[in-house]
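Undergrad: Before anything else, here's the structure in question.
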Amino acid sequence: MNTIHRPARTGVWLVGIFGDIASTLIAGSLAIKQGLASKTGMVSALKPFDQLTLISTDALVFGGLDVKSSTLLHAISEVYRNSRTLPPGL
Numbered sequence: 079m080n081t082i083h084r085p086a087r088t089g090v091w092l093v094g095i096f097g098d099i100a101s102t103l104i105a106g107s108l109a110i111k112q113g114l115a116s117k118t119g120m121v122s123a124l125k126p127f128d129q130l131t132l133i134s135t136d137a138l139v140f141g142g143l144d145v146k147s148s149t150l151l152h153a154i155s156e157v158y159r160n161s162r163t164l165p166p167g168l
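Residues in the sequence shown are numbered consecutively from 79, following my numbering.
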């Protein structure tokens, strides 16, 4: 029997964590984890990638750095205000 050892959590370190892409990634991942969003549109949810043994978004833990002083909540609010890519209640 083959077993695949998967760590309980996998760290994702983002340079520019308060930027639009990083904050959208984190907000989307947390929304999926909490059942507030679906995986629709994620390449990993499409064939043939859905057959791979990829790490679940539930296992991701985010950290990072940025040259600007901010908070993740402020960065996500800015993404919504500027591009409307995230729903306001997220």
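Just so it is clear, CB atoms sit at the ideal spot from N, CA and C, and this is done for glycine as well.
I'd like to check one pair, A137 with F96: are the Cβ atoms closer than 7 Å?
TA: For the purposes of this step, residue 96 is taken as the residue at position 18 of the sequence shown. For the purposes of this step, residue 137 is taken as the residue at position 59 of the sequence shown. Contact flag unset, no.
Undergrad: Residues in the same chain with beta-carbon distance under 8 Å from K146, minus the five sequence neighbours each way, listed in chain order, please.
TA: Along the sequence shown, read from residue 1 onward, the residue named residue 146 stands at position 68. These residues qualify, in order along the chain: F96.
Undergrad: Taking 7 Å as the cut-off, decide whether the C-beta atoms of R87 and V157 are in contact.
TA: In the sequence shown, residue 87 corresponds to position 9, counting from 1. In the sequence shown, residue 157 corresponds to position 79, counting from 1. Contact: no.
Undergrad: Give the single residue among G89, L92, G106 and D128 whose Cα lies nearest to the Cα of P165.
TA: The residue given as residue 165 occupies position 87 in the sequence shown. For the residues G89, L92, G106 and D128, the minimum Cα distance to P165 belongs to G106.
Undergrad: By the three-class DSSP mapping on this structure, what secondary structure does F140 have?
TA: Your numbering for residue 140 matches position 62 in the sequence shown. The answer is strand: DSSP assigns F140 an E or B state.
Undergrad: CA-CA distance, G113 and S134?
TA: As a first step, residue 113 is located in the sequence shown; it is residue number 35 there, counting from the start. As a first step, residue 134 is located in the sequence shown; it is residue number 56 there, counting from the start. Approximately 14 Å between the Cα atoms of the pair.
Undergrad: Helix, strand or coil: which one does DSSP assign to V90?
TA: Taking the sequence shown and counting its residues from 1, the one referred to as residue 90 is at position 12. Strand, per DSSP.
Undergrad: Helix, strand or coil for T135? Go by DSSP, reduced to three states.
TA: Here residue 135 corresponds to residue number 57 of the sequence shown, with the count starting at 1. Three-state result, T135: helix.
Undergrad: Can you tell me which of the three DSSP states K111 falls into?
TA: As a first step, residue 111 is located in the sequence shown; it is residue number 33 there, counting from the start. Residue state, collapsed to three classes: helix.
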